[in-house]
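Presented below is the structure to which this report refers.
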Amino acid sequence: MRRALFWLHLAAGVVCGIVILIMSVTGVLLAFEREVVAAFDRTPRAAAHATPPLPIDALLANSERALHGTPTMLTIARDPSLPLEIGVGRERVVFVDRSSGATREGSRGVRRFFRVVESLHRWLGASDASRDRGRVVTGACNLAFLVLVCTGPFLWWPRRWSWPGVRAIVWFRRGLSARARDFNWHNAIGIWSFVPLLVIVATGVVMSYPWANALVYRMTGSPVPPREPRPLEARAAKTDGVLHDVARLLPAAEQQVRDWKRISARVPAPNADTIVYTIDRGDGGRPDLRAQLTLDRRTGRVVKWQPFASQNAGRRMRTWIRFSHTGEAGGMAGRAIAAIATAGAVVLVWTGLALALRRLAQWLRTSRRNAVS
4 MRRALFWLHL AAGVVCGIVI LIMSVTGVLL AFEREVVAAF DRTPRAAAHA TPPLPIDALL
64 ANSERALHGT PTMLTIARDP SLPLEIGVGR ERVVFVDRSS GATREGSRGV RRFFRVVESL
124 HRWLGASDAS RDRGRVVTGA CNLAFLVLVC TGPFLWWPRR WSWPGVRAIV WFRRGLSARA
184 RDFNWHNAIG IWSFVPLLVI VATGVVMSYP WANALVYRMT GSPVPPREPR PLEARAAKTD
244 GVLHDVARLL PAAEQQVRDW KRISARVPAP NADTIVYTID RGDGGRPDLR AQLTLDRRTG
304 RVVKWQPFAS QNAGRRMRTW IRFSHTGEAG GMAGRAIAAI ATAGAVVLVW TGLALALRRL
364 AQWLRTSRRN AVS
């Protein structure tokens with residue numbers, strides 16, 4: 004049994020190692036995307052005793068010249084010292100000072116960088132026409148990664164338990180040969196990162212495969228929702244008037260949840276009848292602190308109110324899975340653990356491939372000697 008698991012582990016690692024390496028490196032880079040983007044944006048806060056915030060219509064009027072594109076997102080923070088954010092596509096954000104109306108564009112380059120990183124992470128950077136193929140590859144390799152994570156403990160599990168034997172496996176040792184060092188690092192890092200990697204990889208499988216996603220709902224006795232169409236990357240029609248409608252109905256969203264911290268809304272198509280607001284009472288990573296409010300675009304009537312607790316068990320679990328994959332569900336500590344474990348996965352791939360190549364080289368040398376003799 005152990006021998007069969009070893010060859011399964013080895014085969015999965017060799018075949019999918021490079022793709023797993025790419026997903027791990029990009030995963031580390033994406034772990035603190037928000038903080039990196041904020042650092043490059045250097046968004047100034049308004050002074051504590053600055054003039055009162057301007058009406059939002061005035062802020063939008065001031066921002067029109069700076070947009071140079073079709074607005075796609077509007078975000079406002081409860082803290083009046085923080086600027087109004089207007090998203091234009093995925094790579095542009097225009098900040099509007101709420102006291103002066105002054106506009107400033109966020110760092111487009113760093114957003115473009117993280118978009119490329121995310122593309123590599125999700126579909127190996129494939130073009131729009133080839134994304135489905137890229138998803139097939141990353142999904143299969145993520146499933147292989149789950150096999151690696153699950154079979155690993157059975158391979159390092161000592162046949163005889165003793166403290167010296169366990170310590171030699173779980174702790175880093177010095178003065179080893181290259182092969183012994185790689186073996187030691189592979190075991191030690193695999194052990195220490197087992198739990199977070201199991202969470203990250205298993206949740207990734209759910210996000211990669213419709214059958215795994217449906218299983219989450221069936222396990223909780225919830226109906227499986229139909230697959231949502233993929234959002235469009237850009238809008239051909241102008242939505243300036245719709246943006247003003249989004250702003251006009253913001254007070255209704257603010258009154259819905261008294262302790263809100265951030266409210267955001269995607270700018271819908273010009274012919275849309277409703278506007279959906281996401282109301283967040285946290286830092287963006289806790290799904291249980293988020294709710295969605297759908298308002299009639301013309302009358303402001305509440306069409307649908309969806310706090311987290313109102314969702315069925317399957318939807319709640321699926322949302323937790325999404326934020327557990329990135330570590331956001333655990334706040335800053337959760338993201339740090341996810342980043343460290345994913346960095347450990349980079350070393351696991353490196354040492355695993357090194358051990359496999361050494362094993363191959365040894366097999367070739369033995370084959371040559373046997374052929375000569």
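At position 164 of the sequence shown the residue is numbered 167 (the working numbering), and the sequence of numbers has no breaks.
All residues carry an ideal CB built from backbone N, CA and C; glycine is no exception.
Only a predicted model underlies this, so the values are computations on that prediction, with no experimental measurement involved.
According to DSSP, is Val-97 part of a helix, a strand, or is it coil? Strand at Val-97.
Inspect the beta-carbon positions of Leu-24 and Glu-121 and report whether they are closer than 8 Å. No, the Cβ-Cβ distance between Leu-24 and Glu-121 is not below 8 Å.
For Glu-257, report the span of its alpha helix (DSSP H) as first-last. Note, Glu-257: alpha helix (DSSP H), 253–259.
Going straight from the alpha carbon of Ala-171 to that of Arg-6, what length do you get? Looking at the two C-alpha atoms, the distance is approximately 21 Å.
Once DSSP output is grouped into helix, strand and coil, what is the label at Ala-272? It is coil, neither helix nor strand.
What is the rounded straight-line gap between the Cα of Ile-79 and the Cα of Thr-73? Cα to Cα, Ile-79 sits roughly 18 Å from Thr-73.
Using the three-state DSSP reduction, which class does Glu-88 fall into: helix, strand or coil? Glu-88 carries a strand assignment under DSSP once its states are collapsed to helix, strand and coil.
Between the CA atoms of Pro-86 and Ala-42 - distance to the nearest angstrom: Their backbone Cα atoms lie some 15 Å apart in a straight line.
Between which two residues does the beta strand (DSSP E) containing Arg-6 stretch? For Arg-6, there is no enclosing beta strand (DSSP E); the enclosing alpha helix (DSSP H) has its first and last residue at 5–34.
If you check the beta carbons only, do Val-350 and Ile-192 fall under 8 Å apart? Going by C-beta atoms, Val-350 is nearer than 8 Å to Ile-192.
When Asn-373, Leu-358, Arg-368 and Thr-329 are compared against Val-31, the one with the closest alpha-carbon: Restricting attention to Asn-373, Leu-358, Arg-368 and Thr-329, the CA atom closest to the CA of Val-31 is found in Thr-329.
Please return the same chain residues whose Cβ sits closer than 7 Å to the Cβ of Gly-104, not counting the five positions on each side in sequence. Leu-57, Ala-61, Leu-62 and Asn-65, listed in sequence order.
Rounded separation between Gly-285 and Arg-265 - CA only: Roughly 8 Å between the two C-alpha positions.
So Trp-308 is in the beta strand (DSSP E); what residue range does that whole segment cover? Trp-308 -> beta strand (DSSP E) spans 305–310.
Compare the C-alpha of Ala-364 against each of Pro-161, Val-202, Phe-98 and Arg-182 and name the closest. The closest CA to that of Ala-364, considering only Pro-161, Val-202, Phe-98 and Arg-182, is found on Arg-182.
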